[in-house]
Amino acid sequence: MAVELDVFVGNTTIMDEEVYQLWLDGYTVNDAVKVRMVSEGMEEYEASAEVVMSDTMDQYRTFQMCERLLHNPTKLANQLLFQIPPHRQAMLIERYYTFDDVFVREVLGKKLSKGTKKDLDDVSSKTGITLKSCRRQFDNFKRVFKVVEELKGPLVENIRQNFILSDKLARDYAAIVFFANNRFETGKRKLQYLTFQDFAFCAGQLIKNWTVGAVDNMVEDMDVDLDKEFLQDLKELKILITDKDLLDQHKSLVCTALRGKTKVYTEMETNFKNLSRGLVNIAAKLTNTKDVRDFFIDLVEKFIEPCRSDRWASADMRLYLTHYTNSAHLLDTFKYQVVWDRYMGVIKSCIFKMYPQMSTFSTPLSGIIDQRFVHVKRDFGPLGRLSIFL
Amino acid sequence: MPGKLKAKIVAGRHLPVMDRASDLTDAFVEVKFGNTTFKTDVYPKCLNPQWNSEWFKFEVDDEDLQDEPLQITVLDHDTYSANDAIGKVYIDIDPLLCSEAASVISGWFPIYDTIHGIRGEINVLVKVDLFNDLNRFRQSSCGVKFFCTTSIPLCYRAAMVHGFVEELVVNEDPEYQWIDRIRTPRASNEARQRLISLMSGELQRKIGLKVLEMGGNAVVGYLQCFDLEGESGIVVRAIGTACTLDKLSAGANANAYTHPNTAPASNACNSPSKDSKEPVFSEDPPTALGPLTPLRVLPSSSPPPFSSSKPCSRQSSSSDTDLSLTPKMGMGSGGSVGKEAGPLKMLLRQQTQTALEQREFPFFTLTCFPPGFLVHVGGVVSARSVKLLDRIHNPDEPETRDAWWEEIRQEIKSHAKALGCHAVVGYSESTSICEEVCILSAAGTAAILNPRYMREGCLDIGSGDHRFDEPSPPSCGFCHIPYDELNMPFPAQLTYCYQCRRQKVPDVLFTTIDLPTEAAVSGKGCLIQARLCRLKKKAQGEVNATSISNLLPFMEYELHTQLMNKLKLRSMNALFGLRIQISIGENMLLGLASATGVYLSALPTPGGIQIAGKASGDLSNEQHVLSIQKRINDAMAKNKEMYHINPPELSEEAAGSPIPEPKQRSRLFRSQSESSDELSELDLSHGKKDAFVLEIDDTDAVEDIHSLLTDAPPPAGFYSCNTEVMPGVYNWTSGLQMFTSVRVLRLSNANLTNQSLNKIFTDMCENLLKSLYFKLRSMIPCCLCHVNFTVAVPEDELIQVAVTAVAMSFDKEPILEKLGDRAVFKGLYPMPPCLKQRDLSSSERCSPLPEGRSRSLRSTRSSGGGGGGTAVTVVKMTPLSFLPGTRLIKYLGIINMFFIRETTSLREEGGVSGFLHTFIAEVFAMVRAHVAALGGNAVVSYSMKECVFMENPNKNQAQCLINVSGDAVVFVRDTDQEATPTLIHTSCGGTDGPT
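As you go down the protein sequences, you meet chains V and C in turn.
If you read the first sequence in UniProt numbering, its first letter stands for residue 1, the second for the next number, and so on.
If you read the second sequence in UniProt numbering, its first letter stands for residue 1, the second for the next number, and so on.
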């Protein structure tokens, strides 16, 4: 004999947060039952595998029925099919849109297309996140991207209102949308040591200072596209490296300011021209879409790596960049102060964020660390993220 | 032309995409009533159309108003082909016909399609202008109020209880008409839904007429059922109790009546719970004769400022009648001693009989009564009859069906008489149909009632007569035997009442009613079920009917034995809310009896259960017997502890009776009649055998004992009962979760025996309960109340069990727990205002506050348009007649809905479970929407009457029919000020992310 049909429907929809997380993580019903059977507090209810199985199936079904609404979170609040208290609605939405940092690192800056979606099984096996969960996360990115693509107004606000997300999560999605739209390269080996949060911070800086929205806040795509005029203006900065006098003047100003304040003074002095060329060239090339994509890799190659090989501490780097930026104002013949500040403000904060700590730096980067992170996360299982929502 | 119905279509939202090319819909709406149809304009290319139509006006007879639903169809306009239907909304406008109920229907209704389910929502406004004064509507029965609640509704007072009303109407089932071969499943489903809606409207109108004839103005305990008889048609039948109810309105009446408190308090003379400090500001719903909800604002936590006796002096003129009557009553029920009881009882009977005798059937569908209404309870009376269905030739004269029920009711009546009772309370009727065989069943509790309630202008209960009853505590009166001791209808063991020591009581009491409020109970109650399967040969027609009716007595006998054993095992002595369901399938019969066991302090302590082996001196066998005996004794001790059963010790001499020689005795009277002329009464006592002895002489008995011991108790923190509330649990919080769970089991093994089948069925029920406990574990401590199981055999090898119940959490009260050993808890259930409402994890915790009477607010809101930002009113649902921690301030009318859902893409909808899950959720959603549109925020006395599920997985098809009913109400929290109904908008602005 077999159970042909087994349903439980409450007037208030019952949803167990633990099971929800298992569902989101893409566990099959059977695997979820296994996890639940050994989780805490189960003996108390003398729950047999049968009972837990029935409950899990039921909850999974409920989630599947809700999923359609979660794709359009504003509907969840005024739909009539499920009676869910508002705080539970918020929890459902927030968790549905929460993503794994390891996963997003894999697709960040990639085109959110069918092609990318096809490669998700590789991402899945690499990150240890189930394919189902990968697909959900990817589809979330795509959905948010599609909705906000054509909306006017600030990106973060649009995301928050259309998807009823917390501020933090809305900002993360803004970063993802921004990266996807500009197709920033983040997957190169050299960038592997950077986390999603590092990039999200940089994206925030770019959105805030370099997009159209930074000057005009009522245009379409204002927070998604970089300000073309600004990029054009950046070409003018070239004078800082092409004009020999200006370059020497700049160098001496910086050196004067730095002398005696750092252990790596000599390295700074010898590298000045090289580094300055690097940064200004990045600025000058940003009109090319191709070079925009390489923005982060360029920062690493042209600035971070040289500094790193000279063993600059991050305090040294900060000191250097601060004086490098400020000294330009003292140059009489340099007329592009506003553009310079708009450019260097972002560059500074990005490099500050991206500059690795010495200790992590000396060990080989990438791969291994990521793998370990994955394992730790899995062990926490579905409870790993519980605390956030309590 | 006595009425004008007006409807306005405001807007739609979340409509489905009907035009694949544009991903949009060109929607318009047809509004139909009777034969008149209006249409709105087409609102092109939009999924959230704003029609904002004019008012469509229908001028109609009030008869039609009662019968017909308003039918709203949403369609997609198509220039070249026929318009596609998106879905429909049926709105029952009955609530608008009653001046006291709703005055407007306004809100978002799910648009329902029988194939696709809910497809978006539509905002509708409906009003009715009645031209004439209500009194002149005697052609129809507008204005008669209907309640599903089986007690006097909370904000009413019963001026008079008139008695039983019944009616049935029959029609051909559209599914079986020839036209069904050529029309689409959708058309056929809609024809059926519409027909049943019409039939129930007509039925309600006809019952209303009978009520008006009797001089009443309301039907309480209205129970309507559908019999889908297949080829022979559809029968819609209803029974109820006609009453004259007075509305307890704000201000005017508030001072004239006693405070709700006083009724229970005055009767609580010997209840320790009275002394315990809990505030007795009870809602005490079932006894709600008193002015339960005076609408003035009272500081809810403080006890009433006046003593319990005072209010009687303030009684209205009706109390005069009381005074002249009650002394006699007092004598009858309490004043007499021992054998003198006979003549006095006769006197009492004569009195009451005059009141009841005029009635053809002195039946009451009520299960809760005002204190003092029930004088004595005899026991359960039931009757079943097996019938062969034949086509109903003339729908206008459903004589056969009428005659069948008439027969059964006569039987019930004669059973009650045999028990020395003149009335039957807690009465209900049901059927089970398989192919052309039908079992008609009726059951109730034989009782003697206080005649005052049958007379005009009498009822001020409790306060009026309590002083006369005081010498004999009224709390045990209902347990005293109503029949003549020397001429008992069945062998019974009587003892003197353990409470008053004056009157005789039986050793066990079975009833179909709820525990009377005044009853003294020791410890808590628990759900007790007896389950049974019997195989039967497949057969046709007469042969089949005969074999079924031959099986029935054995099934009843076994169910009864099981119940009795389980009751003993739990050391309890009474069953309340007993409901025995027997379901027929082609090759088996299923029997399920559910009841709530309690320990009544007035009844003797149940003896133990003794196991006896075969007579032989087989040593191993004896050891086996001993070990089983030990397990049983252990189980009994454990149960006693678990349910806190600690009756006060009584010395037997004091009780003035010999030590009760426990002997099983049945007060189940039943009979089966195949063609009804053959009446057989079954003596269910085990002859001369001592009933507590279980003999292990065959495998059957071993099975019995095993099944007795395998019933797992609910896990710690859980209680369960099938009555309104659990005795011994008082302090409910507002945490509440109503649910429906359905399971279907496929029996794979072709050659099953009765025994293995029994085990499968028992396990199925037990597992279902376990699953429920597990699901609801976050609500602990919690009680599953009104657990209602229904079983069916939808197909050859399928067993279907459906449960509807409500889980209510409560606060553990340490004082009461400690009192445990001496406490004799009163059966009344005061619900103290939830002062210490736990901030619990229960799922409804944050549900918005009641909406109250904010109609103006609501209608502006609901007409606000299609986008986001509108509020969804939280609607609570419960099978009980009350909501803890709240006051019901208005009844808005009866909800009685019938839905059909069908699919031809079963796999795509998640298989049978996915399909049914969605459908039940949709039904809940539609009930909630209707209640919210009436201005209500809860459904009480909710029940799922019917859940017929059919599947054909090979064809990827399934169909399900669900019928639900309940009372739409408005409640306010005890703690809320009446004047400030609150409306909380659910967040859709996205401002509250998690913190």
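Using N, Cα and C, we set each Cβ at its ideal position, and we do this for glycine too.
Buried or exposed (CB count within 10 angstroms, at least 16 for buried), residue i
i	result
Y80 (chain C)	exposed
N639 (chain C)	buried
A82 (chain C)	exposed
S22 (chain C)	exposed
W732 (chain C)	buried
G541 (chain C)	exposed
R20 (chain C)	exposed
F924 (chain C)	buried
P44 (chain C)	exposed
D484 (chain C)	exposed
D26 (chain C)	buried
Coil, strand or helix - residue i by DSSP
i	result
D6 (chain V)	strand
M15 (chain V)	coil
E121 (chain C)	strand
W178 (chain C)	helix
L429 (chain C)	Rather than Leu, the amino acid found at residue 429 (chain C) in this sequence is Glu. E429 (chain C) falls in the strand class under three-state DSSP.
M268 (chain V)	helix
P85 (chain V)	coil
Y773 (chain C)	helix
P299 (chain C)	Because the pLDDT at P299 (chain C) is just 34, under 50, the model does not fix this residue reliably, and the value given afterwards should be weighed accordingly. If DSSP states are grouped into helix, strand and coil, P299 (chain C) belongs with coil.
K406 (chain C)	Contrary to the premise, residue 406 (chain C) reads as Glu rather than Lys in this sequence. Three-state DSSP puts E406 (chain C) in a helix.
E94 (chain V)	helix
H14 (chain C)	coil
H376 (chain C)	strand
D119 (chain V)	coil
G332 (chain C)	Because the pLDDT at G332 (chain C) is just 28, under 50, the model does not fix this residue reliably, and the point stays unresolved.
P553 (chain C)	helix
Cα-Cα separation, residue i to residue j
i	j	result
F789 (chain C)	D121 (chain V)	47 angstroms
D507 (chain C)	F361 (chain C)	29 angstroms
A932 (chain C)	S441 (chain C)	36 angstroms
V17 (chain C)	H786 (chain C)	42 angstroms
P110 (chain C)	V874 (chain C)	15 angstroms
P208 (chain V)	V104 (chain V)	In the sequence as presented, Pro is not what sits at residue 208 (chain V); that position holds Lys. About 22 angstroms.
K34 (chain V)	G910 (chain C)	23 angstroms
S522 (chain C)	T495 (chain C)	18 angstroms
G420 (chain C)	V380 (chain C)	12 angstroms
V425 (chain C)	L515 (chain C)	12 angstroms
R579 (chain C)	K142 (chain V)	56 angstroms
D316 (chain V)	V264 (chain V)	8 angstroms
Within chain V, the residues that residue i reaches when beta carbons sit closer than 9 angstroms
i	result
E121 (chain C)	N78, Q79 and L80
A738 (chain C)	The amino acid occupying residue 738 (chain C) in the given sequence is Met; Ala does not appear at that position. What M738 (chain C) touches in chain V: G10, N11 and T12.
R948 (chain C)	The sequence given here has Val at residue 948 (chain C), not Arg. By Cβ distance, chain V contributes nothing, its closest Cβ being about 13 angstroms from V948 (chain C), past 9 angstroms.
Partner residues on chain V for residue i, Cβ-Cβ distance less than 7 angstroms
i	result
W108 (chain C)	L80
I609 (chain C)	Under the 7 angstroms cutoff, chain V gives no residues; its nearest Cβ is about 25 angstroms from I609 (chain C).
Proximal chain C residues relative to residue i, where beta-carbon distance stays under 7 angstroms
i	result
D55 (chain V)	S771, F774 and K775
K75 (chain V)	H14
Contact list for residue i against chain C, beta-carbon separation under 9 angstroms
i	result
M65 (chain V)	G910, G914, H917, T918 and A921
Cross-chain neighbours of residue i in chain A, by beta carbon under 7 angstroms
i	result
S741 (chain C)	In the structure shown, chain A does not exist; the protein chains are V and C.
Whole-number beta carbon distance between residue j and residue i, since they are thought to touch under 8 angstroms
i	j	result
L509 (chain C)	A574 (chain C)	4 angstroms
Under 8 angstroms by beta carbon: chain C residues contacting residue i
i	result
V51 (chain V)	N767, K770, S771 and F774
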